[in-house]
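Enquirer:
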Amino acid sequence: MKKIFILCMAISFLSSCELDREPFDSYTQDKIQEDKEASIEVLLNGCYAQLKGWADVMHRVGEYPGDNIMIRGTSTDSFYSFISYQHIPDNGRLSVFWNNSYKIISQSSDLIKIIKEGESAAVDQQLGEAYYLRGMIYFYLCRTYGRPYSQSPETNLGVPIVNGLPADLNNLTLPDRSTVKDTYAQAISDLKKAEALMTADRPAAYATKEAAQAMLSRVYLYMSGTYQTPNQEYATLSIDYANKVIASGRYSLLSRDSFMKYNTYAPDSDEQTETIFAVKQVASEFSGYDHYYGIGGMYANIQGQGWGEMYASAEYLDLLRKSGLKKDARWAFIDPQYVTDDAGNKTAAFRFIYDVFNAGGTQTGYNYMQQPLKTNPDGSYYITISNTNYNLTVVNAAENQYSIVYAGKTYTGEKDYMMLLNRVYPMFYITKCSLQNNDSHLHSPTISRLAEMYLNMAEAYAKKGDYANARTNLNIIRERSIVGGGYTSLNSTNAAQLIDEERQLELAFEAHRGYDVYRNGQTMTRRYPGPHLPMNDVPATSLRVVQYIPQSEINAYPGTLTQNP
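Count along the sequence shown from 1, then add 22; that gives the number in my numbering.
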């Protein structure tokens with residue numbers, strides 16, 4: 023009987039990366055029938071294994087274009103194009119993302135073809151997991167390569183829908199990219215089928231009914247239009263699916279104290295009650311190389327491992343400061359690196375951000391300035407810059423906020439301590455992608471968690487004009503992190519800003535921000551220090567809000583594969 027090659031299609035489109043295909047390619051239909059549940063589990067595990075390399079790029083392409091992070095300098099690594107928006111058609115990281123995505127689609131599609139629905143609850147669960155993985159991947163592909171759903175989804179291109187190995191390989195021609203609308207329809211169809219089939223209460227390292235419902239809530243939120251021109255039908259569906267997850271009773275928000283350790287819990291640990299689905303990484307598969315070149319390695323050096331060359335942006339730090347001096351629990355994921363003497367003492371300092379101009383007087387960006395804090399005879403503070411003393415004026419002493427007049431302009435900064443600099447940038451380490459089980463940069467990227475469901479509902483209710491329910495759901499998340507920080511009023515004038523800010527605060531470093539701005543028709547502004555061309559704003563209509571399809575995949579594709587402009 024014909025051997026079923028599960029891991030990759032017999033076409034260069036899906037197999038340009040070499041794989042260790044044993045033992046998966048030894049599974050024939052006959053062998054699968056001998057011990058169906060065990061065989062299918064092995065093949066499903068092959069799909070889950072592909073997610074590990076996929077999730078690395080998924081994070082970078084979703085997080086780096088946003089305004090939560092900054093990098094110490096330009097880089098020759100292909101991920102820098104995500105930060106600079108100077109996209110390149112031969113991006114090796116995107117090739118990994120594309121290839122792993124279609125390998126998962128191929129293998130899950132083959133499983134769907136050979137598994138009959140209704141044989142047993144256990145087999146249906148496995149079939150549902152295959153549908154979930156395929157639907158989730160189509161959605162992630164489309165949000166990377168297809169334009170936001172609010173922009174002509176009937177004509178804008180998504181990705182090719184290729185569900186398994188074609189029968190005729192001798193005359194192989196695959197379809198061009200489907201529209202964004204059709205790609206979303208495929209994802210929704212798969213996720214709904216997954217929801218119907220899965221009944222087992224599996225841990226968060228595996229797909230479940232609730233994982234499918236959580237992803238459907240997000241997909242419909244992406245389809246719900248902008249705040250100015252909402253689609254209330256899709257907003258309602260986003261709410262409905264989020265409510266299904268909450269009503270299942272399988273998940274609960276971590277307490278404030280436990281949430282501040284969210285990154286330390288494995289997704290399937292007893293302490294972790296909030297994660298719905300994550301790509302689980304384990305220490306035995308995480309080498310020293312991974313601690314440097316994995317997601318967290320760019321954000322911090324921990325336990326002597328990691329590059330520590332990307333930091334929390336000034337914009338994100340200012341959002342954290344809005345609630346008051348270190349009152350927001352999400353400060354737990356930011357680790358400022360201070361200068362200390364041999365006894366561990368820190369030096370008081372004043373830090374602010376000032377405008378940078380070129381020789382012609384045009385502003386080109388921003389930079390940090392920090393200097394040791396000095397005290398005048400009257401007890402007020404000053405700092406010295408280039409042998410000139412600058413007095414500080416109190417703005418809010420309780421919040422350590424002071425102002426300075428520098429180069430003819432008044433700037434507000436913070437009284438803090440001297441920080442370590444990388445080049446000229448204070449090192450605000452990000453630890454949300456590190457320290458699972460207290461192991462350096464071990465990290466299991468989160469796909470869905472319960473907090474997102476409440477934020478989805480807040481946004482969807484606001485788009486429906488139901489600001490009371492929007493505020494209720496928004497405050498559930500806000501008050502978990504900021505004691506007494508709930509909003510007393512939410513209306514048409516402030517809802518978009520407050521909901522978006524809370525979503526940015528809560529879901530930072532989880533690969534949402536790069537899409538949340540554009541799907542709502544907004545402009546990405548990154549007016550803070552860094553080499554990312556901070557004066558260049560990126561509107562949702564820009565060609566650069568979507569990525570190029572890797573040219574190597576276009577060259578290998580058996581048919582027309584239209585490139586993004």
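Ideal Cβ positions, reconstructed from N, Cα and C, are used throughout, including at glycine. Fair warning: this is a prediction, and the values are worked out from it, not measured in the lab.
At the 8 angstroms Cβ level, is Glu337 part of the contact set with chain C, yes or no?
Expert: Absent from the structure: chain C. Only one protein chain is present.
Enquirer: Locate the alpha helix (DSSP H) running through Asp132, then write down its first and last residues.
Expert: Walking along the sequence shown from the start, residue 132 turns up at place 110. Here the alpha helix (DSSP H) through Asp132 covers Gly114 to Ile136.
Enquirer: Rounded to the nearest angstrom, what separates Gln585 and Leu179 at their Cα positions?
Expert: Counting from one through the sequence shown, the residue named residue 585 turns up at place 563. Counting from one through the sequence shown, the residue named residue 179 turns up at place 157. If I take the Cα positions, the gap works out to 9 angstroms.
Enquirer: How is Leu583 classed by DSSP in three states: helix, strand or coil?
Expert: Looking up residue 583 in the sequence shown gives position 561. If DSSP states are grouped into helix, strand and coil, Leu583 belongs with coil.
Enquirer: With DSSP as the reference, label Tyr314 as helix, strand or coil.
Expert: On the sequence shown, position 292 is the one that residue 314 refers to. Helix, per DSSP.
Enquirer: To the nearest angstrom, report how far apart Val417 and Tyr433 are at their CA atoms.
Expert: Here residue 417 refers to the residue found at position 395 when the sequence shown is read from its first residue. Here residue 433 refers to the residue found at position 411 when the sequence shown is read from its first residue. For Val417 and Tyr433, the distance between alpha carbons rounds to 11 angstroms.
Enquirer: With distance defined between alpha-carbon atoms, name the residue in Thr515, Ala288, Gly506 and Glu481 nearest to Ser3.
Expert: Because the chain here runs from 23 to 587, residue 3 falls outside it and cannot be looked at.
Enquirer: Report, in whole angstroms, the separation of the C-beta atoms of Asn478 and Ser260, which I expect to be a contact under 8 angstroms.
Expert: Looking up residue 478 in the sequence shown gives position 456. Looking up residue 260 in the sequence shown gives position 238. Rounded, the Cβ-Cβ distance is 5 angstroms, consistent with contact.
Enquirer: Hey, how far is the Cα of Ile324 from the Cα of Val145?
Expert: Residue numbering aside, residue 324 sits at position 302 when the sequence shown is read from its first letter. Residue numbering aside, residue 145 sits at position 123 when the sequence shown is read from its first letter. In a straight line, the C-alpha of Ile324 is about 43 angstroms away from that of Val145.
Enquirer: Taking DSSP as the reference, what is the three-state secondary structure of Val505?
Expert: The residue labelled residue 505 in the question sits at position 483 within the sequence shown. Val505 falls in the coil class under three-state DSSP.
Enquirer: Is Thr177 closer than 8 angstroms to Gly543 when the C-beta atoms are compared?
Expert: Locating residue 543 in the sequence shown gives position 521, where the first residue counts as 1. Locating residue 177 in the sequence shown gives position 155, where the first residue counts as 1. No, they are not a contact pair.
Enquirer: Identify, in the order they occur along the chain, each residue of the same chain with its Cβ nearer than 7 angstroms to the Cβ of Ser20, setting aside the five sequence neighbours on each side.
Expert: In the structure displayed, the chain extends from 23 to 587; residue 20 sits before or after that span and is not available.
Enquirer: Evaluate Thr297 with the Cβ neighbour count: other Cβ atoms within 10 Å of its Cβ, from every protein chain shown; 16 or more gives buried, anything less gives exposed.
Expert: On the sequence shown, residue 297 is found 275 positions in, with the first residue counted as 1. Buried, since its Cβ has 16 or more Cβ neighbours within 10 Å.
Enquirer: Taking Cβ positions, are Tyr333 and Met92 nearer each other than 8 angstroms?
Expert: Position 311 of the sequence shown, counted from the start, is the residue given in the question as residue 333. Position 70 of the sequence shown, counted from the start, is the residue given in the question as residue 92. Yes, Cβ-Cβ distance for Tyr333 and Met92 is below 8 angstroms.
Enquirer: Quick check on the burial criterion: 16 or more other C-beta atoms within 10 angstroms. Buried or exposed for Asn367?
Expert: Locating residue 367 in the sequence shown gives position 345, where the first residue counts as 1. Asn367 is exposed by the Cβ-count criterion.
Enquirer: So which of Pro182, Tyr428, Arg169 and Ala218 has the shortest CA-CA distance to Glu139?
Expert: Position 117 of the sequence shown holds residue 139. Closest by alpha carbon: Ala218.
Enquirer: Using only the alpha-carbon positions, how far apart do Ala562 and Pro170 sit?
Expert: Walking along the sequence shown from the start, residue 562 turns up at place 540. Walking along the sequence shown from the start, residue 170 turns up at place 148. Answer to the nearest angstrom: the Cα atoms are 8 angstroms apart.
Enquirer: Which first and last residues belong to the alpha helix (DSSP H) in which Ser309 is found?
Expert: Taking the sequence shown and counting its residues from 1, one reaches residue 309 at position 287. Neither: Ser309 is in no alpha helix (DSSP H) and is coded neither H nor E.
Enquirer: In angstroms with no decimal places, state the Cα-to-Cα distance between Ser174 and Leu191.
Expert: For this step, residue 174 is matched to residue 152 along the sequence shown. For this step, residue 191 is matched to residue 169 along the sequence shown. Roughly 34 angstroms between the two C-alpha positions.
Enquirer: How long is the line joining the alpha carbons of Asp363 and Lys396, rounded to whole angstroms?
Expert: Looking up residue 363 in the sequence shown gives position 341. Looking up residue 396 in the sequence shown gives position 374. C-alpha separation (whole angstroms): 18 angstroms.
Enquirer: Between the C-alpha atoms of Ile241 and Asn380, what's the straight-line distance to the nearest angstrom?
Expert: Within the sequence shown, numbered from 1, the residue matching residue 241 stands at position 219. Within the sequence shown, numbered from 1, the residue matching residue 380 stands at position 358. The identity of residue 241 in the sequence shown is Val, whereas the question assumes Ile. Answer to the nearest angstrom: the Cα atoms are 44 angstroms apart.
Enquirer: Are the segment 152-161 and the segment 100-117 touching, with three or more C-beta to C-beta distances below 8 angstroms?
Expert: At 8 angstroms Cβ cutoff, the stretches do not touch.
Enquirer: Output the boundary residues of the beta strand (DSSP E) element that contains Gln588.
Expert: A query on residue 588 cannot be resolved here, the shown segment of the chain reaching from 23 to 587 and no further.
Enquirer: If you draw a straight line from the alpha carbon of Gly186 to that of Ile126, how long is it in whole angstroms?
Expert: For the purposes of this step, residue 186 is taken as residue 164 along the sequence shown, with counting starting at 1. For the purposes of this step, residue 126 is taken as residue 104 along the sequence shown, with counting starting at 1. When rounded, the distance between both Cα atoms is 10 angstroms.
Enquirer: From the DSSP secondary-structure annotation, give me the bridge partner or partners of Lys437.
Expert: The sequence position of residue 437 within the sequence shown is 415, counting from 1. Per DSSP, Phe372.
Enquirer: Span of the beta strand (DSSP E) holding Thr510?
Expert: Here the question's residue 510 lines up with position 488 in the sequence shown. No beta strand (DSSP E) holds Thr510; DSSP gives it neither H nor E.
Enquirer: Measure the alpha-carbon distance for Tyr404 versus Ser106 and round it to whole angstroms.
Expert: Here residue 404 refers to the residue found at position 382 when the sequence shown is read from its first residue. Here residue 106 refers to the residue found at position 84 when the sequence shown is read from its first residue. Rounded to whole angstroms, Tyr404 to Ser106 spans 37 angstroms at the Cα level.
Enquirer: Measuring CB atoms only, is the segment 516-532 touching the segment 487-501, in the sense that at least three cross pairs come out at less than 8 angstroms?
Expert: Cβ pair count under 8 angstroms is three or more, so yes.
Enquirer: I'd like the list of long-range same chain contacts for Ser48, defined as Cβ closer than 6 angstroms, with 5 residues on each side in sequence excluded.
Expert: Taking the sequence shown and counting its residues from 1, one reaches residue 48 at position 26. Bear in mind that a pLDDT of 49 at Ser48, under 50, signals an unreliable position, so the number given afterwards is only what the model happens to contain. There are no such residues.
Enquirer: Using only alpha-carbon positions, find the residue among His463, Glu421 and Tyr360 that is nearest to Pro588.
Expert: As shown, the chain starts at 23 and ends at 587. That puts residue 588 outside it, with no answer to give.
Enquirer: Should the segment 302-320 be regarded as contacting the segment 453-470, the criterion being three or more beta carbon pairs within less than 8 angstroms?
Expert: Yes: at least three Cβ pairs fall under 8 angstroms.
Enquirer: Given that a residue counts as buried once 16 or more other Cβ atoms are within 10 Å of its Cβ, and exposed if not, what is Ile407?
Expert: Locating residue 407 in the sequence shown gives position 385, where the first residue counts as 1. With fewer than 16 Cβ atoms within 10 Å of its Cβ, Ile407 is classed as exposed.
Enquirer: Going by beta carbon distance, what residues of the same chain come within less than 6 angstroms of His5, once the five residues before and after it are set aside?
Expert: Missing from the structure shown is residue 5; the chain here goes from 23 to 587 and no further.
Enquirer: Specify the secondary structure class of Ile91 as computed by DSSP and reduced to three states.
Expert: Position 69 of the sequence shown, counting from 1, holds the residue named residue 91. Strand at Ile91.
Enquirer: Could you give the C-beta distance for Ala226 and Gln294, rounded to a whole number, given that I count them as a contact under 8 angstroms?
Expert: What you label residue 226 is simply residue 204 of the sequence shown in a count that begins at 1. What you label residue 294 is simply residue 272 of the sequence shown in a count that begins at 1. Going by Cβ atoms, the distance from Ala226 to Gln294 rounds to 7 angstroms, so yes, they are a contact pair.
Enquirer: Spatial neighbours of Arg566 within its chain, please: CB distance less than 7 angstroms, with the 5 preceding and 5 following residues excluded, ordered by chain position.
Expert: Looking up residue 566 in the sequence shown gives position 544. Tyr107, His109 and Val560, listed in sequence order.
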